[in-house]
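When you number the sequence shown by the working numbering, it's gap-free, plus one each residue, and the end is 339. Where is the CB? At the ideal position from N, CA and C, for every residue including glycine. Below is one structure, written out as structure tokens, with a few remarks after it.
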Amino acid sequence: MHEYWSSVAEHHTCRLNCVCMVSFISSLNNIQPPYNLTMTDIVKYFCTNTAGILTAFYSSSSGPSYIGAYSGCGKPTTNRIVGGQNTVPGEFPWQLSLRKQGMHICGSSLIDSQWAISAAHCFARPIFLSDYKVNLGAYQLSVPSGIFVDVAAVYIHPTFRGPSSSGDIALIKLANPVPFTDYIIPVCIPTPNVFFPNGMNCVVTGWGTISQQVSLPYPRTLQKVQVPIIGRAPCDQMYHIDNPSLSASQSIILWDMICAGYKTGKKDSCQGDSGGPLVCHWNGSWLLAGIVSWGFGCALPNRPGVYTSVTTYSTWIKAYIPSLQLTQAQIPVPYNRG
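Okay, structure coming up:
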């Protein structure tokens with residue numbers, strides 16, 4: 002080790018029971034109590050634990066420099082009240098850009114150091130893994146930022162049959178674990194019994210079109226829209242309005258879907274947002290409630306956005322990622338802002 006790095010390492014080894022290993026990144030994101038942290042001379046990282054908040058640094062000739070803190074899923078280090086459309090860097094650090102042959106095709110959400118989640122319809126069959134990468138820590142698509150990671154595997158839910166069908170969910174295994182920073186933090190996956198009540202204000206994010214056939218202008222800054230949850234039954238009723246092709250007994254909002262938006266339209270996800278997150282804030286954390294799935298047009302009256310319900314598939318997700326800690330939440334009905 003370098004002389005400076007050695008002194009830093011010895012200090013933190015004594016204080017935090019750190020262990021020098023070749024791969025810091027693969028260990029930092031899988032820390033288990035009693036916090037046997039890891040560092041490496043190759044990339045000159047070290048870490049601290051203060052009141053349960055894990056902070057990563059890297060050493061340089063001028064001393065250690067801060068690169069980020071991780072206090073748990075769904076807790077960005079940048080806090081901002083949802084209002085306007087532009088986000089700020091690090092506001093939704095789980096948001097990923099799914100790229101196919103270099104082009105942004107869908108949104109996605111980081112849920113673990115080596116796993117992301119998106120919509121099944123984002124992947125054309127057959128799937129050639131070499132075509133895909135994920136961009137983590139991205140903010141403006143026209144200004145390259147963050148890191149790009151290859152895709153090692155894609156798992157499509159077996160019930161998926163095509164657009165607007167059930168099972169529109171896909172797990173993406175990254176080629177290698179990623180470090181958590183201020184701009185790369187996973188979102189929380191709720192337990193199967195979590196219920197997001199009608200009227201709860203949530204947020205959908207993405208780089209999609211800002212209205213039907215109107216592209217997001219340069220520099221293509223990540224957008225956010227606050228939308229209330231709409232229950233399946235009232236959402237289904239809305240989709241029957243002015244829709245003679247649907248019989249009164251025909252249900253279009255299926256058992257594994259939820260809706261969010263306004264009866265009057267005007268605010269919604271749109272093309273290019275597919276696969277991205279619908280997140281709801283509760284008790285200090287952001288929970289992934291839905292995955293952008295489908296809709297008729299963009300922000301039209303009586304046509305709210307339709308999302309794959311994540312709680313429906315929490316058990317399926319856990320089967321692929323046994324180490325994933327699901328998040329319990331008891332959100333009261335009727336909903337009061339928490």
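Using a Cβ-Cβ distance cut-off of 8 Å, the segment 245–265 and the segment 295–315 are in contact, since at least three pairs of beta carbons, one from each stretch, lie closer than that value.
In the DSSP annotation of this structure, the continuous segment of the beta strand (DSSP E) that includes residue 225 starts and ends at 224–231. For residue 318, the enclosing alpha helix (DSSP H) starts and ends at 315–321. Within the segment 104–175, the complete beta strand (DSSP E) runs of at least 3 residues fall at 104–113, 116–119, 133–137, 148–157, 171–175.
Proximity to residue 201 across 279, 130, 76, 329 peaks at 279, based on C-alpha coordinates.
By the neighbour-count criterion, in which a residue is buried when 16 or more other Cβ atoms sit within 10 angstroms of its Cβ, residue 248 is exposed.
Residue 94 sits in coil when the DSSP states are folded into three classes, being neither helix nor strand. CA-to-CA, the gap between residue 179 and residue 324 works out to about 16 Å. With a cut-off of 8 Å on Cβ pairs, the segment 161–170 is not in contact with the segment 188–206, counting fewer than three such pairs. Residue state for residue 235 is assigned as helix, using DSSP reduced to three classes.
CA-to-CA, the gap between residue 190 and residue 327 works out to about 5 Å. Take the alpha-carbon of residue 186 and the one of residue 117: they are about 11 Å apart. Proximity to residue 226 across 130, 255, 314, 88 peaks at 88, based on C-alpha coordinates.
One alpha carbon belongs to residue 274, the other to residue 199, and they sit about 22 Å apart. As computed with DSSP, residue 276 is found in no beta bridge at all. Contact annotation: residue 171 and residue 121 have beta-carbon atoms nearer than 8 Å.
Residue range 286–295 is occupied by the beta strand (DSSP E) that includes residue 289. Taking 8 Å as the cut-off, the Cβ atoms of residue 142 and residue 221 count as close. Of the other Cβ atoms in all chains shown, fewer than 16 fall within 10 Å of the Cβ of residue 321; this residue is therefore exposed. Taking C-alpha positions only, residue 330 is separated from residue 159 by approximately 28 Å. For residue 283, the pairing in a beta bridge is given by DSSP as 286. Per DSSP, the beta bridge partners of residue 191 are 328. About 22 Å separates the beta carbons of residue 259 and residue 285, which is beyond the 8 Å limit, so they are not a contact pair. Taken atom to atom, the span from the alpha-carbon of residue 123 to that of residue 256 is near 21 Å. Residue pairing by DSSP places residue 185 opposite 182 in a beta bridge. Taking a 10 Å sphere around the C-beta of residue 309, we find 16 or more other C-beta atoms and assign the residue as buried.
Residue 100 counts as buried, since at least 16 other C-beta atoms from the protein chains shown sit within 10 angstroms of its C-beta. Residue state for residue 263 is assigned as coil, using DSSP reduced to three classes. Taking residue 136 as the centre and dropping the five residues before and after it, the same chain places the C-beta of 97, 98, 100, 147, 149 closer than 7 Å to its C-beta, in chain order.
Bridge partners of residue 306 according to DSSP: 261.
One Cα belongs to residue 73, the other to residue 245, and the distance between them is close to 48 Å. With a threshold of 16 other beta carbon atoms within 10 Å, residue 103 falls short and is exposed. Taking C-beta atoms as the reference points, residue 306 and residue 119 fail to come closer than 8 Å.
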